Amino acid sequence: MSNKKRKGGPTLGIQELYDSITGIKPKLSADKTNDASLISDLHTLANLAESFVEHRQKPNKGWLLLADELDREGVNLWNMSSAILRQGKDQEGRKLFAALRLAAFRLVEAGLEQKPGIQNIGSYDLAGAVLSAAAKIEELLINTPPDDVHTQSRDRALIVYYTCRMEAREQLASKILEIGKGIARGQPFQKGKSSSNVVPDGKHAQDAIKWIQKALSLVENMATSEAPGILELKVGKFPRLLKARVYYLASSVDEENLDRAEATLRELITSIDDTPDIVDFQPVRWMHLAVLRRKKASDNVLFEAQNVVGVLTTTTIFLQELRGMAQQQMLVTQIHQHLLETALVIPEDTGRVAVDKMMLALIFHCSRDTDHGRAIKAVRDACSCVTERGDYELPKVPTTACQSLLWQFGERHYSAKAWDKAADWFLLGTHDVFKSMAQNNNAKCLRKAALCYIQLREYARATAAIRRCRNNEAATHYITFLIAINQGLETEGDISAIRAIQDVVQAKDFDRRMLLLATQLAHDAGLKAVLLAVLDSLLQFLRSQDGFESDIEALTIIRKTLVQALIGHFKTGNDVCDTAQEKKNLPAIVKELSWLWRTAYNIAVQGCSEWTDSEEQLAELFDLSRAFMDLYRKASVTTGPDNLVHDHIILASFSSISCRVFAVRRLGANVEQEETRKRICRDIDAFKNSVKLAANNAQLHDTFEEDRVGSMIHVSLVFETEQRCYLKDWEGVLTSIEEASQLLKVKASTFEAMADILWVDKDCPVDVLYSALEAILHACLDRDYLSVEKFSRWLRAICTILLAKNTTANRTKAIGYVEQGVSVIEENSKNQGSDVQKTHPII
Numbered sequence: 001m002s003n004k005k006r007k008g009g010p011t012l013g014i015q016e017l018y019d020s021i022t023g024i025k026p027k028l029s030a031d032k033t034n035d036a037s038l039i040s041d042l043h044t045l046a047n048l049a050e051s052f053v054e055h056r057q058k059p060n061k062g063w064l065l066l067a068d069e070l071d072r073e074g075v076n077l078w079n080m081s082s083a084i085l086r087q088g089k090d091q092e093g094r095k096l097f098a099a100l101r102l103a104a105f106r107l108v109e110a111g112l113e114q115k116p117g118i119q120n121i122g123s124y125d126l127a128g129a130v131l132s133a134a135a136k137i138e139e140l141l142i143n144t145p146p147d148d149v150h151t152q153s154r155d156r157a158l159i160v161y162y163t164c165r166m167e168a169r170e171q172l173a174s175k176i177l178e179i180g181k182g183i184a185r186g187q188p189f190q191k192g193k194s195s196s197n198v199v200p201d202g203k204h205a206q207d208a209i210k211w212i213q214k215a216l217s218l219v220e221n222m223a224t225s226e227a228p229g230i231l232e233l234k235v236g237k238f239p240r241l242l243k244a245r246v247y248y249l250a251s252s253v254d255e256e257n258l259d260r261a262e263a264t265l266r267e268l269i270t271s272i273d274d275t276p277d278i279v280d281f282q283p284v285r286w287m288h289l290a291v292l293r294r295k296k297a298s299d300n301v302l303f304e305a306q307n308v309v310g311v312l313t314t315t316t317i318f319l320q321e322l323r324g325m326a327q328q329q330m331l332v333t334q335i336h337q338h339l340l341e342t343a344l345v346i347p348e349d350t351g352r353v354a355v356d357k358m359m360l361a362l363i364f365h366c367s368r369d370t371d372h373g374r375a376i377k378a379v380r381d382a383c384s385c386v387t388e389r390g391d392y393e394l395p396k397v398p399t400t401a402c403q404s405l406l407w408q409f410g411e412r413h414y415s416a417k418a419w420d421k422a423a424d425w426f427l428l429g430t431h432d433v434f435k436s437m438a439q440n441n442n443a444k445c446l447r448k449a450a451l452c453y454i455q456l457r458e459y460a461r462a463t464a465a466i467r468r469c470r471n472n473e474a475a476t477h478y479i480t481f482l483i484a485i486n487q488g489l490e491t492e493g494d495i496s497a498i499r500a501i502q503d504v505v506q507a508k509d510f511d512r513r514m515l516l517l518a519t520q521l522a523h524d525a526g527l528k529a530v531l532l533a534v535l536d537s538l539l540q541f542l543r544s545q546d547g548f549e550s551d552i553e554a555l556t557i558i559r560k561t562l563v564q565a566l567i568g569h570f571k572t573g574n575d576v577c578d579t580a581q582e583k584k585n586l587p588a589i590v591k592e593l594s595w596l597w598r599t600a601y602n603i604a605v606q607g608c609s610e611w612t613d614s615e616e617q618l619a620e621l622f623d624l625s626r627a628f629m630d631l632y633r634k635a636s637v638t639t640g641p642d643n644l645v646h647d648h649i650i651l652a653s654f655s656s657i658s659c660r661v662f663a664v665r666r667l668g669a670n671v672e673q674e675e676t677r678k679r680i681c682r683d684i685d686a687f688k689n690s691v692k693l694a695a696n697n698a699q700l701h702d703t704f705e706e707d708r709v710g711s712m713i714h715v716s717l718v719f720e721t722e723q724r725c726y727l728k729d730w731e732g733v734l735t736s737i738e739e740a741s742q743l744l745k746v747k748a749s750t751f752e753a754m755a756d757i758l759w760v761d762k763d764c765p766v767d768v769l770y771s772a773l774e775a776i777l778h779a780c781l782d783r784d785y786l787s788v789e790k791f792s793r794w795l796r797a798i799c800t801i802l803l804a805k806n807t808t809a810n811r812t813k814a815i816g817y818v819e820q821g822v823s824v825i826e827e828n829s830k831n832q833g834s835d836v837q838k839t840h841p842i843i
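Taking UniProt numbering, the leading residue of the sequence shown gets 1, the next gets one more, and so forth.
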């Protein structure tokens, strides 16, 4: 070896190593040597190499060359020691042999990387060969024939070997176990790298089994007295639980591993069944349950396994595990009920807390059961189980939580109009187990259940439910009123309804809105006696109250009720007149017809200015007045045409259309009004036909009247376009626009309104929008109705649609529109003179 220092390599202690090796080589090659001096030099070399190992710096690129040299020198010394051993020298020779071996070992060690580990190589065969070699050495030491010369040396070697093996085996077992765990987590052992994001799979688990088995076999072969903690490793739960866990993961590759995992866990469970500290062994039982679930064991087997696991100190974890088994509806329900019964017999606080959690979990689980009857029975049985424990009462907080869940599930079915299911959930909230909050919540649940039975027309069950409520609450008497008027009995129903309304007014929590709603319901049901009783109660209440707001609300509902009654009487009169027409007796009632149409028309006109949110009622009044006018015109045909009647027929028809349009606008697009919109379109068609008929018969007697009717036609066309857009009747939209363009006296605002309706409708097809805008544009140009800003916007839209089609004909057409637009803008600029300060963009 050269004495020159290697550039770029570690320098700490290297020169001393070089000098020591250089000084030893001549002594080893000499024929006669001083063994004592050589042994001293070899010990010095060993110490220097050991010091170098402890203090060397982090290796760099130059380290590889230095490591090779140190390793080569160490091997040379080892080989020389073998030659000395074969010479069979005396005691001093054996000392020299040991010193050579020690120095060689230290040099080889100095040439290795820091903290080497065979597991880093990842070679299972090499690791097994090392272990086999160690076993052979042990066997040679044990089987060496005894002699008087080497007995003491052999015993010392055995003591040292066993001492080292005791520590090494424990470390080796730990290291092998760590390697197996790392592989089971999804990643072969790599020091310094995290495996937290690695997903375990069956292939890795299959490899991990081999390592864990070797670790466990190594521990099994160790004597209990060799090291502290060996007994715990042999009989403890962790190694076998880990082994079962790895078998479980490897079952995705080989299904037989599930049987091995179950066998391992059964053996472990058998050994811990009599252990007093059950909680410490819960992971074993959880693992056993996971294995059974993967094996798709029967419900009975899973129930028994859950029964073993279900310790109340781990209630939260246990309930989370049950959520993963939600598809096995009956099994999970049975487990909940069993654990609830178990919790009830435990007097400690742990059991009581578990009862609360189990009740909530069971209610939530049963709410997802597709079999409604089974779910209701399971919850009812659980409630009865708690009630039967006379020494336990469900506290207020969990009671409120349970009732809130039951109310929520009932509301869900109520919104879906599943009245029978909703009633069952509401009635569960009145169970005796919830008696701590019965005074606050039971009446509300019973009233809601009664409403469900009213919807089902099961009035006897509704009455039975409402009788369980306290009789001093206004809401309870109001539900009684609803039951009475929905039964529709002529005498008994009226008496019950009237009595209920009187009880409502006398209740302490009375709300005047109940009377207002009762007025409307009594009127709709046609119960005159009940309506009079409600109005009388309302009047008495108003007399006993101070404040203007109550009067306004009451008079408003009274006015609406009177209007409805008035419309009903007008309809009756119309039916009588139709009967007279069939009998050809109209001339005999011509005066009555004149009074009827004038009265109905005048009331409707007055209502337009005074009544709010009454568009539907006004439309009905205008329709009735028009019907009376038609009959009056037929009855007075002998006296000649009455232009006043014809004018008012047109006005009534247009007013009726307008009222219905305003009504659907007020309700908004979110409310389903398809039939109303279709009726508006039919009424508009009838209105246009009546106008054409009047024009053909020369019944429009002056120019003013013609202009007014023309304005109505224009507005009705805009209404028709609006309704057909909502109905997605695009052909009808084009028809309305075409019809408007054919009218002689049409206003520009009519086309602008139609274009605006189409422009903002995102569902309008491009072809329809294009055709509509083109027709509107031509109609405006033909009649010289021009708003340059609107014209520019329409023309830009038309050109954009044409260019998007990307055909030669469409591009040519778009260029023609652009040229026409430029000429229109130039002409408009000349007409306005110098006042024009800006150019309107068209593209």
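Idealized CB from N, CA, C, for every residue including glycine. Remember, predicted model here, so these are calculated numbers, not experimental data.
The alpha helix (DSSP H) spanning residue i covers which residue range?
i	result
Asn519	Sequence inspection shows Thr at residue 519; the Asn mentioned does not correspond to that position. Per DSSP, Thr519 belongs to the alpha helix (DSSP H) from 512-525.
Thr463	459-467
Leu42	35-55
Glu731	730-742
Ile657	643-667
Gln673	Looking at the DSSP string, Gln673 is not in any alpha helix (DSSP H), and its letter there is neither H nor E.
Arg380	372-387
Return helix, strand or coil for residue i, following the three-state DSSP convention.
i	result
Asp536	helix
Cys577	helix
Thr224	Only weak support exists for where Thr224 lies, its pLDDT of 49 falling under 50; the coordinates are left without a value.
His778	helix
Thr22	helix
His714	helix
Cys764	coil
Ile495	helix
Leu17	helix
Thr612	coil
Ser367	coil
Glu393	coil
Val345	coil
His477	helix
His431	coil
Leu456	coil
Glu826	helix
Asn602	helix
Thr807	coil
Lys191	Confidence is the limiting factor: at Lys191 the pLDDT is only 41, short of 50, which leaves the residue's position unreliable, though a coordinate-based value still follows. Coil at Lys191, not helix or strand.
Asp503	helix
Lys813	helix
Arg470	coil
Keeping to the same chain, check which residues put their C-beta closer than 7 Å to that of residue i; ignore five residues upstream and five downstream.
i	result
Val235	Any reading at Val235 must be qualified, since the residue scores a pLDDT of 49, below 50, and its modelled position is unreliable; no value is offered.
Ser749	none
Thr463	Ile483
Am I right that residue i and residue j are in contact with their C-beta atoms under 8 Å? What's the rounded C-beta distance?
i	j	result
Ala474	Asp432	The pair is not a contact, with the Cβ atoms about 26 Å apart (cut-off 8 Å).
Leu538	Leu515	5 Å
Leu596	Ala635	Going by Cβ atoms, the distance from Leu596 to Ala635 rounds to 11 Å, so no, they are not a contact pair.
Ser653	Ala619	Not quite, the Cβ-Cβ distance comes to about 11 Å (not below 8 Å), so this is no contact.
Gln455	Trp407	Going by Cβ atoms, the distance from Gln455 to Trp407 rounds to 17 Å, so no, they are not a contact pair.
Identify, in the order they occur along the chain, each residue of the same chain with its Cβ nearer than 6 Å to the Cβ of residue i, setting aside the five sequence neighbours on each side.
i	result
Ala525	Ile485
Ala104	Gly74, Leu77, Trp78
Ala449	Ala423, Phe426, Leu427, Ala465
Asn441	Gln403
Counting only beta-carbon atoms, is residue i nearer than 9 Å to chain B?
i	result
Ala354	Absent here is chain B; the protein component of the structure consists of one chain.
Beta-carbon within less than 8 Å of residue i's beta-carbon, same chain only, minus the 5 sequence neighbours each way: which residues are those?
i	result
Thr44	Ser20
Ala775	Leu734, Ile737, Glu738, Ser741
Gly607	Val563, Ser614, Gln617, Leu618, Leu621
Leu803	Asn810, Arg811, Ala814
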